[in-house]
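Asker:
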């Protein structure tokens, strides 16, 4: 576990202009730096990097964050790897919490040993492809698949010779047998007192992490008569197949501004597509696409294209991928599905059609919405009332898994058109919205009629409360120290104002972590439904001088508390006005007089 204080120190010492500038060409304009956004295709620079705020923001695609966020998104790193990368750049050693230090040291040393084993194994397999007596058979096979020596070198392809102990013997002087076993390269059968190479007589595909380190292998038989056709490394301390994607390192290395990634089923498909100039394909490793896979893909690009066989297995794999995409379908993200003709895979298809026709096929791939609604409708009679009810129910179960975005709203509209139910009804029956407000009785049923402009005043006050909440958030996005000026226990009452819910969440975090910088505070809410608003407010210029912000913030909070009192007064009036004057008790009459008594 990395101590939070170190992460904060790292954020404070990092120069975001230096970090981003090492990967993106930036030009200084005024006090900020500008460049073409690395996360979407654009011709006019809309990507701003602020040295003052240590923050980047794109006005085109709304990508934003700190130096650590940039490393995670641009380099495709997880949080720990981003911390390690930034610390190394600053010449700092990443500390560990004392109680975990020994265990973390042991794990790190084990990972280093295993990484060394897989590196040496990859070098061994590559040497065999160049020099083994049986190399011509392997090279002939690769050429028969349309692969050149150049693409074999780019993907570090190799050859595991036949025999039981070639690798074991080659690594004996440089590694411990136990490490080679743990790395999944030797099979250990203690009950039979046998140990032997896992990969034998196979073309070898090294699986590399995002930094380019070999962490595992996939092996394919040379003769299709041999079984199994594909064999992967088992799970190890450095390889988790539910998280890794074959070809992602190579795709990022050859395309610094990736716009999309194609997900295929096998590593031969990845290499074959690269051979034909399509270098943005990746493959899962003997498993269906997971949420970790999707998260890693979306860290790299905004468009994912799943390209699978058109048979039942391929469509089932695509459906599982769709289910894992739904929770991560934010605005601006796109998912498509391409199903190939029977008997074809990306390898055979690109060799048959060529690059241009294959890419055209991907451009015409089914949208997520088309595939989802089409799949749901396959076994439902949408012409019948029962069928439309079933479609509405099953569709809303899926849509409720999506974040609250414009994309989800449009998907609900599409479901509304298909079922004939209004969007309000769909959301109401699925529990996505609050219960409708109680209808207000006609005026002539009141002994004490409401003011004529009460409803209009309510609309104005709603907008006013929203404006005040935004103003308070705007201040917090520039300095969190202002929370010391307010009574945080009293502020909890703001939970009674719907427009203040996000503000209250931000205040709570700022109180719990008093040393949190605005950038760190913003990072806490990146995946929150209010993250876009906070990003917008963080980017907006703060016109007030810093010394005036605490008193200004307190004043805004005081006004919101005043709005809360008005709301309570309105609620009290409504509850009492629902009764005739004869039904009111003396206490209720006194309360009603007090509610309408002028202040002072």
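Numbering (the working numbering), first residue to last: 38 to 637.
Don't be surprised by glycine CBs; every beta carbon is placed ideally from N, CA and C.
Since the structure is predicted, the reported quantities are computational estimates derived from the model, not experimental observations.
Grouping DSSP H, G and I as helix and E and B as strand, with all else coil, what is residue 419?
Answerer: For the purposes of this step, residue 419 is taken as residue 382 along the chain shown, with counting starting at 1. Looking at residue 419 - three-state DSSP - the assignment turns out to be coil, as it is neither helix nor strand.
Asker: Quick one: grab the DSSP three-state call for residue 541.
Answerer: Taking the first residue of the chain shown as 1, we reach residue 541 at position 504. Here residue 541 sits in helix by DSSP.
Asker: If we ignore side chains and look at the alpha-carbon of each, how far apart do residue 421 and residue 373 end up?
Answerer: Looking up residue 421 in the chain shown gives position 384. Looking up residue 373 in the chain shown gives position 336. Answer to the nearest angstrom: the Cα atoms are 29 Å apart.
Asker: Tell me, which residues are paired with residue 267 by DSSP?
Answerer: Here residue 267 is taken as the residue at index 230 of the chain shown, counted from 1. Note: residue 267 sits in a beta bridge opposite 257.
Asker: Terminal residues of the continuous alpha helix (DSSP H) containing residue 335?
Answerer: In the chain shown, residue 335 corresponds to position 298, counting from 1. Looking at the DSSP string, the run of the alpha helix (DSSP H) that includes residue 335 is 328–337.
Asker: The ligand FMN and residue 178: does the residue's C-beta get closer than 7 Å to at least one heavy atom of that ligand?
Answerer: Of the ligands one can find in the structure shown there are none, so the ligand FMN has no counterpart to examine.
Asker: Compute the beta-carbon to beta-carbon distance between residue 322 and residue 283, rounded to the nearest angstrom, for a pair I have assumed lies under 8 Å.
Answerer: Working through the chain shown from its first residue, we reach residue 322 at position 285. Working through the chain shown from its first residue, we reach residue 283 at position 246. Confirmed, Cβ separation roughly 6 Å.
Asker: Which residues in the same chain have their Cβ closer than 6 Å to the Cβ of residue 536, if we skip the five residues on either side of it in sequence?
Answerer: Start at 1 with the first residue of the chain shown, and residue 536 comes out as number 499. 502, 503, 506, listed in sequence order.
Asker: Grouping DSSP H, G and I as helix and E and B as strand, with all else coil, what is residue 374?
Answerer: Taking the first residue of the chain shown as position 1, residue 374 is located at position 337. Looking at residue 374 - three-state DSSP - the assignment turns out to be strand.
Asker: For residue 340, write down the residues that DSSP places opposite it in a beta bridge.
Answerer: On the chain shown, residue 340 is found 303 positions in, with the first residue counted as 1. Note: residue 340 sits in a beta bridge opposite 297, 371.
Asker: How is residue 427 classed by DSSP in three states: helix, strand or coil?
Answerer: The residue given as residue 427 occupies position 390 in the chain shown. Residue state, collapsed to three classes: helix.
Asker: Just to confirm my understanding: we take residue 132, look at its own chain, exclude 5 residues before and 5 after, and list those with CB closer than 7 Å. What are they?
Answerer: To locate residue 132, count along the chain shown from 1; it is residue 95. Correct list, in chain order: 40, 43.
Asker: Quick one: give me the first and last residue of the alpha helix (DSSP H) that residue 362 is part of.
Answerer: Here residue 362 refers to the residue found at position 325 of the chain shown. 349–362 is the extent of the alpha helix (DSSP H) around residue 362.
Asker: Counting only runs that start and end within the stretch 278–324, where is the beta strand (DSSP E) found for 3 or more residues in a row?
Answerer: List check, beta strand (DSSP E) in window: 297–301, 318–320.
Asker: Could you pull out every residue in the same chain whose Cβ sits closer than 6 Å to the Cβ of residue 76, ignoring the five residues on either side in sequence?
Answerer: In the chain shown, counting from the first residue as 1, residue 76 sits at position 39. For residue 76, where only same-chain residues beyond five positions count, the Cβ hits under 6 Å are 98, 100.
Asker: Is residue 192 helix, strand or coil by DSSP?
Answerer: Mapped onto the chain shown, residue 192 falls at position 155. DSSP places residue 192 in coil when its eight states are reduced to three.
Asker: For residue 448, report the span of its alpha helix (DSSP H) as first-last.
Answerer: Residue numbering aside, residue 448 sits at position 411 when the chain shown is read from its first letter. Where residue 448 is concerned, the enclosing alpha helix (DSSP H) stretches over 443–456.
Asker: What is the C-beta distance between residue 233 and residue 197, in whole angstroms, given that I count them as a contact (C-beta under 8 Å)?
Answerer: For this step, residue 233 is matched to residue 196 along the chain shown. For this step, residue 197 is matched to residue 160 along the chain shown. Actually they do not touch by this definition, with Cβ atoms about 12 Å apart.
Asker: What are the boundary residues of the beta strand (DSSP E) that includes residue 241?
Answerer: Walking along the chain shown from the start, residue 241 turns up at place 204. 239–245 is the span of the beta strand (DSSP E), which, as asked, contains residue 241.
Asker: To the nearest angstrom, report how far apart residue 108 and residue 57 are at their CA atoms.
Answerer: Position 71 of the chain shown, counted from the first residue, corresponds to residue 108. Position 20 of the chain shown, counted from the first residue, corresponds to residue 57. Approximately 8 Å, taken between the alpha carbons.
Asker: Inspect the beta-carbon positions of residue 574 and residue 510 and report whether they are closer than 8 Å.
Answerer: Indexing the chain shown from 1 puts residue 574 at position 537. Indexing the chain shown from 1 puts residue 510 at position 473. Closer than 8 Å, so yes.
Asker: Is the stretch 398–405 touching the stretch 369–386, taking contact as three or more C-beta pairs under 8 Å?
Answerer: Segments in contact, yes.
Asker: Whole angstroms are fine: how far does the CA of residue 337 sit from the CA of residue 327?
Answerer: Position 290 of the chain shown, counted from the first residue, corresponds to residue 327. Position 300 of the chain shown, counted from the first residue, corresponds to residue 337. So the alpha carbons of these two residues sit roughly 16 Å apart.
Asker: Based on DSSP bridge pairs, tell me the residues matched to residue 231.
Answerer: By one-based count along the chain shown, residue 231 stands at place 194. In the DSSP output, where bridge partners are listed per residue, residue 231 has 226.
Asker: Does DSSP put residue 101 in a helix, in a strand, or in coil?
Answerer: One-based indexing of the chain shown puts residue 101 at position 64. Looking at residue 101 - three-state DSSP - the assignment turns out to be strand.
Asker: If residue 597 and residue 533 are in contact, beta carbons under 8 Å, what's the gap, nearest whole angstrom?
Answerer: To locate residue 597, count along the chain shown from 1; it is residue 560. To locate residue 533, count along the chain shown from 1; it is residue 496. At roughly 11 Å, the Cβ-Cβ gap does not stay under 8 Å, so residue 597 and residue 533 are not in contact.
Asker: Out of curiosity, what's the CA-to-CA distance linking residue 203 and residue 236?
Answerer: Walking along the chain shown from the start, residue 203 turns up at place 166. Walking along the chain shown from the start, residue 236 turns up at place 199. Looking at the two C-alpha atoms, the distance is approximately 10 Å.
Asker: Can you tell me where the alpha helix (DSSP H) with residue 385 in it begins and where it stops?
Answerer: Counting from 1 along the chain shown, the entry for residue 385 is found at position 348. Here the alpha helix (DSSP H) through residue 385 covers 383–390.
Asker: State the Cα-Cα distance for the pair residue 475 and residue 111, rounded to the nearest angstrom.
Answerer: In the chain shown, residue 475 corresponds to position 438, counting from 1. In the chain shown, residue 111 corresponds to position 74, counting from 1. Note that residue 475 scores 37 on pLDDT, short of 50, meaning its location in the model is unreliable and no value can be drawn from it.
Asker: Check residue 273 in the structure and name its three-state DSSP category.
Answerer: Translated into the one-based positions of the chain shown, residue 273 becomes position 236. Note: residue 273 maps to strand in three-state DSSP.
Asker: Measure from the alpha carbon of residue 593 to the alpha carbon of each residue in 418, 288, 508, then state which is nearest.
Answerer: Translated into the one-based positions of the chain shown, residue 593 becomes position 556. Comparing Cα positions, the closest option is 508.
Asker: Does the beta-carbon of residue 588 have 16 or more other beta-carbons within 10 angstroms, so that it is buried, or is it exposed?
Answerer: Walking along the chain shown from the start, residue 588 turns up at place 551. That one is exposed.
Asker: For the structure I just gave you, are there three or more beta carbon pairs, one from the stretch 143–152 and one from the stretch 264–277, closer than 8 Å?
Answerer: Judged by Cβ distances under 8 Å, the stretch 143–152 makes contact with the stretch 264–277, as three or more pairs qualify.
Asker: Pull up the distance between the alpha-carbon of residue 67 and that of residue 84, whole angstroms please.
Answerer: Residue numbering aside, residue 67 sits at position 30 when the chain shown is read from its first letter. Residue numbering aside, residue 84 sits at position 47 when the chain shown is read from its first letter. Rounded to the nearest angstrom, the two C-alpha atoms are 14 Å apart.
Asker: With H, G and I counted as helix, E and B as strand and the rest as coil, what does DSSP make of residue 72?
Answerer: Position 35 of the chain shown holds residue 72. It is a strand residue.
Asker: Give me the residue from 389, 448, 285 with the minimum Cα distance to residue 366.
Answerer: Along the chain shown, one-based indexing puts residue 366 at 329. Answer by Cα proximity: 448.
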